Amino acid sequence: MYHVPVLLQESIEALSVKKDGVYLDCTLGGGSHSDAILSRGGKVIGIDRDEDAIIECTKRLSVYGDRCKIFRANFKDADDILAEENIRLSGAIMDLGISSHQIDTAERGMSFRFDAPLDMRMDRRQMLTAEIVVNEYTEDGLIKLLYEFGEEKFAKRIARNIVSAREKRPIHTTGELSAIVRSSVPANIPIPERRTFQAIRIEVNNELRGLDKALKDIFSYLISGARMCVITFHSLEDRIVKQTFNLLSTDCICDKSLPVCVCGHKAEGKVFKKIRPSKEEIERNSRSASATLRIIEKF
Ligand SMILES: C[S@@+](CC[C@H](N)C(=O)[O-])C[C@H]1O[C@@H](n2cnc3c(N)ncnc32)[C@H](O)[C@@H]1O
Numbered sequence: 000m001y002h003v004p005v006l007l008q009e010s011i012e013a014l015s016v017k018k019d020g021v022y023l024d025c026t027l028g029g030g031s032h033s034d035a036i037l038s039r040g041g042k043v044i045g046i047d048r049d050e051d052a053i054i055e056c057t058k059r060l061s062v063y064g065d066r067c068k069i070f071r072a073n074f075k076d077a078d079d080i081l082a083e084e085n086i087r088l089s090g091a092i093m094d095l096g097i098s099s100h101q102i103d104t105a106e107r108g109m110s111f112r113f114d115a116p117l118d119m120r121m122d123r124r125q126m127l128t129a130e131i132v133v134n135e136y137t138e139d140g141l142i143k144l145l146y147e148f149g150e151e152k153f154a155k156r157i158a159r160n161i162v163s164a165r166e167k168r169p170i171h172t173t174g175e176l177s178a179i180v181r182s183s184v185p186a187n188i189p190i191p192e193r194r195t196f197q198a199i200r201i202e203v204n205n206e207l208r209g210l211d212k213a214l215k216d217i218f219s220y221l222i223s224g225a226r227m228c229v230i231t232f233h234s235l236e237d238r239i240v241k242q243t244f245n246l247l248s249t250d251c252i253c254d255k256s257l258p259v260c261v262c263g264h265k266a267e268g269k270v271f272k273k274i275r276p277s278k279e280e281i282e283r284n285s286r287s288a289s290a291t292l293r294i295i296e297k298f
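Here numbering that gives the first Met the number 0 is used: the first residue of the sequence shown is 0, the next is one more, and so on.
Given below as structure tokens:
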């Protein structure tokens, strides 16, 4: 299977799909969320920046004919696509992070479970790869990204060891990077590479910058009563979604010290209680364990 969907039932229920309503799937992946929307009579505009996902979904969703339109793009450019299509949305889903296919395909270099070239790109047309980050970023640059995107407390040691290893010879593979990380952290740390690989992948794919703007752009295309569902897999992206949804659902955003409101900011929607996967889902699919579903409904 291309991707084992996470929180599928919960997110589709939240969208409460209307026949002929148009739904934006910002992260097609293996197409399970889109399939569920289409099979309930909705129409889908589907986006992914990974060519493999486009090929998979073009095949899988072809049975729905012109009810499904697929675009290879970054969802940060959804604004352009939606404006061009001249449509309003009955709902939107964004299932962040990487697909099972991306992490399980060794040569994508996303996983420390395989020894493979240091790639990590979701969109293989782009120039920046993990190999460039690891071999060309300054030591300070590496420390910053390991702290910021990996919340890695051994960032300094790992960065120093990366720099001294690459002074001897360039680092080409996930196996080499993995060995450097393991030699930099205490032996009792479970899965020591997880944070470093997450941080480098976020940097390579520029996963966090502009996410707030993309959420606001997409929200602006929702019709009244429509919902946007976002599934996140780590605290960094979840924080951005939470803050953006809070902003969209808050009236006054003035400094608390001001006696009266001067901003005139008005809430445009309401936020629902966040949803986490059930115990059964986590048992069935351990990758769902870190997932959080956040939902906002437009007034
Ligand atoms: C977790 S998977 C989605 C799985 C999908 N919902 C399913 O059930 O099969 C995430 C997908 O989002 C894509 N993706 C991540 N960030 C993206 C972005 N900024 N623009 C477009 N696609 C993105 C990835 O390439 C990947 O295919």
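Cβ atoms here follow ideal geometry from the backbone N, Cα and C, with glycine treated the same way.
A quick note: this is a predicted structure, and the numbers were derived from the prediction, not measured.
- Within the segment 8-89, the runs of alpha helix (DSSP H) that reach at least 4 residues and sit entirely inside it are, in chain order, 31-38, 50-59, 77-84.
- Membership of Leu292 in the beta strand (DSSP E) is indicated by the continuous run 291-297.
- Remark: fewer than three beta-carbon pairs, one from each stretch, lie closer than 8 Å, so the segment 75-88 and the segment 131-144 are not flagged as touching.
- For Thr249, there is no enclosing beta strand (DSSP E), as DSSP marks it with neither H nor E.
- Here Ala158 is not near Tyr146, since their CB atoms are 7 Å or more apart.
- Between the beta-carbon of His2 and that of Ser31 there is about 7 Å, and that keeps the pair under the 8 Å contact cut.
- Taking a C-beta distance under 7 Å as the contact criterion, Ile239 and Asp211 qualify as a contact pair.
- In the structure shown, Arg226 falls within a strand segment according to DSSP collapsed to helix, strand and coil.
- For ligand 1, a non-hydrogen atom lies closer than 6 Å to the CB of Ala52.
- Remark: the C-beta of Pro276 is outside contact range of ligand 1, defined as less than 6 Å to any heavy atom.
- Under the three-state reduction of DSSP, Val270 is assigned to strand.
- By the Cβ test, the segment 116-124 is not in contact with the segment 251-262, since fewer than three Cβ pairs between them sit closer than 8 Å.
- Out of Ile97, Leu60, Lys17, Ile161, the CA that lies nearest to the CA of Ile201 is found in Ile97.
- DSSP places Asn204 inside the alpha helix (DSSP H), whose first and last residues are 193-204.
- One Cα belongs to Ile36, the other to Arg165, and the distance between them is close to 48 Å.
- Counting C-beta atoms within 10 angstroms of its own C-beta, Ser223 has fewer than 16 neighbours from the protein chains shown and is therefore classed as exposed.
- Bounds of the alpha helix (DSSP H) holding Phe148 are 138-149.
- Here Gln8 is exposed. Its C-beta has fewer than 16 other C-beta atoms within 10 Å.
- In chain order, the residues positioned with their C-beta nearer than 5 Å to some heavy atom of ligand 1 are His2, Pro4, Thr26, Gly28, Gly29, Ser31, His32, Asp47, Arg48, Asp49, Ala52, Asn73, Phe74, Asp94, Gly96, Ser98, Met121.
- In this model, Glu236 and Leu207 are separated by some 6 Å (Cα to Cα).
- Ser89 sits close to Ala225, with the two beta carbons spaced by under 7 Å.
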